[in-house]
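What follows is a single structure, written as structure tokens, with notes after it.
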Amino acid sequence: MSHTPTRRRRRAVAIAGASLAALVAAGCSSSGSSSSTPPAAGTASAAAPAASQAASGQQVKLTFWTWVPNMDKVVAVWNKAHPDIQVQVQVQAGGDALLTKLLTAAKAGNPPDLAQVEYQVLPTLVSNNYLADISKYDGNLKSDFPAGNWNQVTLGSNALYAVPQDAAPMALFYRTDLFKKYGLTVPTTWAQFAADAAKLHAEAPGVYLGSFSAVDPGEFAGLTQQAGAQWWSASGSTWTVGINDAASQKVASYWQGLVADGGVDNQPQWTAAWNKGMNDGKYIAWVSDVWAPGDFPTTAPSGTGKWEMTELPQWTAGGNVVGNWGGSSTAVMAASKNQQAAAQFAAWLNTDPTATVALVSDGGIYPADTAAEAALSTAPTYFANQPNFWTLAKQFAAEAANVTWGPDVNVAYTEFQTAFGSAATSKGSFISPLTAVQSAVVNDMKKSGFTVAAG
Amino acid sequence: MKHTSGRTAPRLPGGTGGRPPGRKARPHARYDGGFGHRAGGLAPYAFVAPAVVLYVLVLLIPVGYTIYLSLEKTKVSGLGLGLGGRKQVFAGLSNYSTALTDSAFLSSLLRVVIYSLILVPVMLGLALLFALLLDARRVRLQRFSRLAIFLPYAVPTVIATLLWGFLYLPTVSPFPSILSAFGLSMPNLFTTHVALLSVANIGVWGGTGFNMIVMYTALRAVPSELYEAARIDGASQTEIALRIKIPMIAPALVLTGVFSLIATLQVFNEPQTLSPLTNTISPDWMPLMRVYNLAFNDNNSYEAAALSVIIAAVMFVGSYFLLRVSNKRVFQGR
């Protein structure tokens, strides 16, 4: 249930209109044979047009579930160069919807060959044996990615469960014009951020430094990573769950204070009301992520050139640590009959310069591939006022905290929405919902037979 | 049963009537030969077979599979990340005991009961009122009103919910500016308690029309002689409505009541659609949302299956007794 790049992309997909709608239709109509039963190469090519069959005796057809906008354009480049391995994009609503569907499809035995998978749910999928180990095909890519991202797709083992696609370090976005109008300084520490919130609330009640969104557990998780929280860690065969550790409690109390004092709103993000607030100056800052440029044009169309990105405020002045919110990888499903071809495509998609350039310009993501320099020469259109946008993004990516995800992040995230939803509404304690998430996760893991030590 | 007895009748003259197997009996004999004599009572079975097969395929097998799933659980060994780290094992009734002590489920259950107690009387009351008004003599714009009241039922619930959701959210709703013209401010429609009313309102809006049509149709079937007699006896329109019309359409009232109750206890679309719009409506807000959440977000189909079995059993037993009791009281003598 991460709402990371997710909902934003859901809307982006909706708005992209005719071309994407046509793509969805195409994906659905032609998916019948290939997606419901991932076929052997022979069966697939029987259904393929005669011409391409003639070109390559053994054509492989792969299905790919993703929500990244314009992925079809990137894939078209691959399909043109590889007539023997044809990839078919099937557009999904977003990260959370895709996970739900993937779990169900994999359980039913008919998942796609490839899927866009957010880092935090990789352990869930691995734990269910739904992902293929592609280390023998793509293991050599290790040096192409930052250690943090690589660790998330290997889960610290010798296996490789996915190829990293985007890095997602968090960042702070703010309205330059309105910060000036209300006389606020751009915060570099959380103490300054709180002071700004108080000043803003005194001057303009009803205007906020953003909203604490109970539907975005991924955002809160990222903020706790910055403070040094380790929600999950594993040693030997024991999991340690530290969702209500001291660092997380510090972050929770901090936001509880902001919400209670009225400098930060308590409404969920990604709603029509939130969009309107982002667009018309009700929300003048947004704790978000480097993937936000893909979001802004639809969320706040009238804000072009008025928003800027800066480093996430720090807990200690002069520090430079940020958390991660989302970020995803390309995984090969264990049920795929063409794992080698799928792994080959996954490697190309995330390391080939042609592909990464297209991912940045069309998909609006920040590639995890450290060599993807060429892709990052021009700032996103929405942030044309900030030419060094990608340089900053690169800096933040290097500052991102290391994170280990547990095997039931989905449980934690749903419980988060329930518990923090009512706490945000009542502006009550944020510590008790944190404890509720902790115990929900520990109970779920114990019930499944994991050996768990509370952190 | 009717078929069987109907078919054995013509067989009697041919088979046991004592008539010699003459030529005239042949058509009968041939007809019986196909189904009757040699095959015994196979014919009725052949006729019900498609229905039985479908019933088994689409109802009994899924129900059986759900019950089977509800008795299983996953068992993880080690960190659960290696190959074969997770197995499906027999769980006995542990899923049921978890479900019955699951506080999220129990509070959603309480919530849906309150929701039904609000929604069903209001919706049926309005439906009955509209039906009686439309049935009264000399109503203007009768056809138009009937259609207008029915129309919301034709709007898909998800769309209706989005419409209402946008009306409820102050920043995108037209109400705050309208209300401020009268010096009023818009209340928060998504506080913990009011949210239940806000969701129930969508149900009333969408469901009144359908129930109104059912009641109205029942009213039209009441013989008009009764009204004439009542008027001759000096009954007013209100008295006719209360003393004649309502008792006469009691079966329709019971029917709509039971159906509404069943539908209300299964409420899912409205809160699920509103859930992203507000913190108040959690992913476990209503029992079926809890089931959905367990099955698809928490990837725990076993506990979800146990919950489903419990909900289905409660609904089944509840509807059975409701119908039995109302049969005795309402359909007495029919």
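Protein sequence lines, in the order shown, are assigned to chains A and B.
For the first sequence, counting from 1, position 264 maps to 264 in this note's numbering; every step adds exactly one.
Convert by adding 1000 to the 1-based position in the second sequence; the result is the number in this note's numbering.
For glycine and all other residues, C-beta sits at the position ideal for the given N, C-alpha and C.
Being a predicted model, the structure only gives us computed values, none of them experimental.
- Task: Taking only beta-carbon positions, decide if S1107(B) is within less than 8 Å of chain A.
- Result: Residue numbering aside, residue 1107(B) sits at position 107 when the second sequence is read from its first letter. Chain A, which has no Cβ nearer than 8 Å to the Cβ of S1107(B), makes this no.
- Query: Cβ of R1086(B) less than 8 Å from any chain A Cβ?
  - Reply: If you number the second sequence from 1, residue 1086(B) lands on position 86. Yes, because at least one Cβ of chain A sits closer than 8 Å to the Cβ of R1086(B).
- Message: Quick check: what's the CA-CA separation for G222(A) versus A285(A)?
- Response: For the purposes of this step, residue 222(A) is taken as residue 222 along the first sequence, with counting starting at 1. For the purposes of this step, residue 285(A) is taken as residue 285 along the first sequence, with counting starting at 1. The straight-line gap from Cα to Cα measures roughly 17 Å.
- Message: Strictly under 8 Å for the Cβ-Cβ distance: is A128(A) near chain B by that measure?
- Response: Within the first sequence, numbered from 1, the residue matching residue 128(A) stands at position 128. Sequence check: residue 128(A) is Asn here, not Ala. By this cut-off, N128(A) is an interface position.
- Message: Quick check: the Cα distance between N1211(B) and D1135(B), rounded to an integer number of angstroms?
- Response: Along the second sequence, read from residue 1 onward, the residue named residue 1211(B) stands at position 211. Along the second sequence, read from residue 1 onward, the residue named residue 1135(B) stands at position 135. Roughly 14 Å separates the two Cα atoms.
- For the region 1060–1086 of chain B, which segments carrying the alpha helix (DSSP H) assignment without a break, of at least 4 residues, lie completely within its bounds, in sequence order? Complete alpha helix (DSSP H) runs here, min 4: 1061–1070.
- Cα-Cα, which of N158(A), D166(A), K276(A) is closest to F145(A)? To locate residue 145(A), count along the first sequence from 1; it is residue 145. Taking only the C-alpha atoms, the option nearest F145(A) is D166(A).
- Message: In whole angstroms, give me the CA-to-CA distance for D461(A) and I85(A).
- Response: Outside the displayed range of chain A (1 to 455) lies residue 461(A), so it cannot be described from this structure.
- Query: For the alpha helix (DSSP H) that Y174(A) lies in, which residues bound it at each end?
  - Reply: Here residue 174(A) is taken as the residue at index 174 of the first sequence, counted from 1. Careful: Y174(A) lies outside any alpha helix (DSSP H), inside the beta strand (DSSP E) at 170–175.
- If we ignore side chains and look at the alpha-carbon of each, how far apart do M170(A) and L99(A) end up? The sequence position of residue 170(A) within the first sequence is 170, counting from 1. The sequence position of residue 99(A) within the first sequence is 99, counting from 1. Straight through space, the alpha carbons of L99(A) and M170(A) are spaced by roughly 22 Å.
- Message: With H, G and I counted as helix, E and B as strand and the rest as coil, what does DSSP make of K282(A)?
- Response: As a first step, residue 282(A) must be located in the first sequence, where it is residue number 282. Coil, per DSSP.
- Task: Check whether the region 300–317 of chain A touches the region 61–80 of chain A, taking contact to mean three or more Cβ pairs, one atom from each stretch, closer than 8 Å.
- Result: Taking 8 Å as the limit for Cβ pairs, the verdict is that the region 61–80 of chain A does not touch the region 300–317 of chain A.
- Message: Give the list of continuous alpha helix (DSSP H) stretches no shorter than 4 residues that lie fully inside the region 1076–1135 of chain B.
- Response: The qualifying runs are 1094–1101, 1103–1135.
- Within 10 angstroms of the Cβ of E203(A), are there 16 or more other Cβ atoms? Answer buried if so, exposed if not. Walking along the first sequence from the start, residue 203(A) turns up at place 203. It counts as exposed.
- Message: If we define contact as Cβ-Cβ less than 8 Å, is P1156(B) a contact residue for chain A?
- Response: Indexing the second sequence from 1 puts residue 1156(B) at position 156. Output row for P1156(B): interface = no.
- Simplified DSSP assignment, three categories, for T240(A): Translated into positions along the first sequence, residue 240(A) becomes position 240. In the structure shown, T240(A) falls within a strand segment according to DSSP collapsed to helix, strand and coil.
- Should S29(A) be flagged as near chain B, meaning a C-beta pair shorter than 8 Å? In the first sequence, counting from the first residue as 1, residue 29(A) sits at position 29. Interpretation of S29(A) is limited by its pLDDT of 37, a score under 50 that renders its predicted location unreliable; the figure taken from the coordinates is listed afterwards. With respect to chain B, the C-beta atom of S29(A) has no partner C-beta closer than 8 Å.
- Task: Could you please tell me which residues of the region 1183–1198 of chain B, in chain order, have their CB closer than 8 Å to any CB of chain A?
- Result: Listed by position along the chain: F1190, T1191, T1192.
- Task: Specify the secondary structure class of N158(A) as computed by DSSP and reduced to three states.
- Result: Within the first sequence, numbered from 1, the residue matching residue 158(A) stands at position 158. If DSSP states are grouped into helix, strand and coil, N158(A) belongs with coil.
- Message: What does DSSP give as the partner residue(s) for F64(A) in the beta ladder?
- Response: On the first sequence, residue 64(A) is found 64 positions in, with the first residue counted as 1. The beta-bridge partner set that DSSP reports for F64(A) consists of V89(A), L114(A).
- Item | C-beta neighbour in chain A for L1071(B), strict 8 Å | For the purposes of this step, residue 1071(B) is taken as the residue at position 71 of the second sequence. No, its Cβ sits nowhere closer than 8 Å to a Cβ of chain A.
- Do V290(A) and A375(A) come within 8 Å of each other at the CB atom, strictly closer than that value? Stepping through the first sequence from its first residue, residue 375(A) is reached at position 375. Stepping through the first sequence from its first residue, residue 290(A) is reached at position 290. The Cβ atoms of A375(A) and V290(A) lie no closer than 8 Å to each other.
- Local conformation of A1295(B) per DSSP, three classes: Residue numbering aside, residue 1295(B) sits at position 295 when the second sequence is read from its first letter. Annotated three-state conformation of A1295(B) is helix, per DSSP.
- Task: Can you tell me which of the three DSSP states A424(A) falls into?
- Result: Counting from one through the first sequence, the residue named residue 424(A) turns up at place 424. If DSSP states are grouped into helix, strand and coil, A424(A) belongs with the helices.
- Could you run through the region 1165–1185 of chain B and flag, in chain order, every residue whose CB is less than 7 Å away from some CB of chain A? Contact residues of the region 1165–1185 of chain B toward chain A are F1166, L1169, T1171, V1172 (C-beta to C-beta distance below 7 Å).
- Query: D96(A): buried (16+ other C-beta within 10 angstroms of its C-beta) or exposed?
  - Reply: Within the first sequence, numbered from 1, the residue matching residue 96(A) stands at position 96. Burial call: buried.
- Message: I need the boundaries of the beta strand (DSSP E) containing A331(A), first residue and last residue.
- Response: Sequence index remark: in the first sequence, residue 331(A) carries index 331 (1-based). If you look at A331(A), you'll find it in the beta strand (DSSP E) that goes 328–332.
- Query: Can the beta-carbon of F1259(B) be found closer than 8 Å to that of G1209(B)?
  - Reply: Counting from one through the second sequence, the residue named residue 1259(B) turns up at place 259. Counting from one through the second sequence, the residue named residue 1209(B) turns up at place 209. Cβ atoms of F1259(B) and G1209(B): not closer than 8 Å.
- Name the residue from A317(A), Q120(A), A108(A) whose alpha carbon lies nearest to the alpha carbon of G406(A). Within the first sequence, numbered from 1, the residue matching residue 406(A) stands at position 406. With respect to the C-alpha of G406(A), the residue from A317(A), Q120(A), A108(A) having the closest C-alpha is Q120(A).
- Consider the Cβ of G1080(B): report whether some Cβ of chain A lies at a distance smaller than 8 Å. By 1-based counting over the second sequence, the position of residue 1080(B) is 80. Residue contact check for G1080(B) against chain A: a CB pair falls below 8 Å.
- Query: Residues of chain B with CB under 7 Å from L155(A), in chain order?
  - Reply: For the purposes of this step, residue 155(A) is taken as residue 155 along the first sequence, with counting starting at 1. Near L155(A) (Cβ distances below 7 Å), the residues of chain B are L1081.
- Starting from the N-terminal side, write out each stretch of the alpha helix (DSSP H) that is 4 residues or longer and does not extend beyond the region 1262–1319 of chain B. If we require 4 residues or more, the alpha helix (DSSP H) runs fully inside the region 1262–1319 of chain B come out as 1269–1274, 1287–1292.
- CA-CA distance, N279(A) and L1277(B)? Sequence index remark: in the first sequence, residue 279(A) carries index 279 (1-based). Sequence index remark: in the second sequence, residue 1277(B) carries index 277 (1-based). If you draw a straight line from the Cα of N279(A) to the Cα of L1277(B), it is about 17 Å long.
- Message: Is the beta carbon of Q340(A) closer than 8 Å to that of A214(A)?
- Response: Your numbering for residue 214(A) matches position 214 in the first sequence. Your numbering for residue 340(A) matches position 340 in the first sequence. Cβ distance not < 8 Å, so A214(A) and Q340(A) don't count as in contact.
- Applying the criterion that 16 or more other CB atoms from any shown protein chain within 10 Å of the CB defines a buried residue, is E1303(B) buried or exposed? Numbered from its first residue, the second sequence carries residue 1303(B) at position 303. E1303(B) is classed as buried because its beta carbon has at least 16 other beta carbons within 10 Å across all chains shown.
- Item | For Q314(A), the residue or residues it bridges with in DSSP | Taking the first residue of the first sequence as position 1, residue 314(A) is located at position 314. By DSSP's assignment, Q314(A) forms a beta bridge with T189(A).
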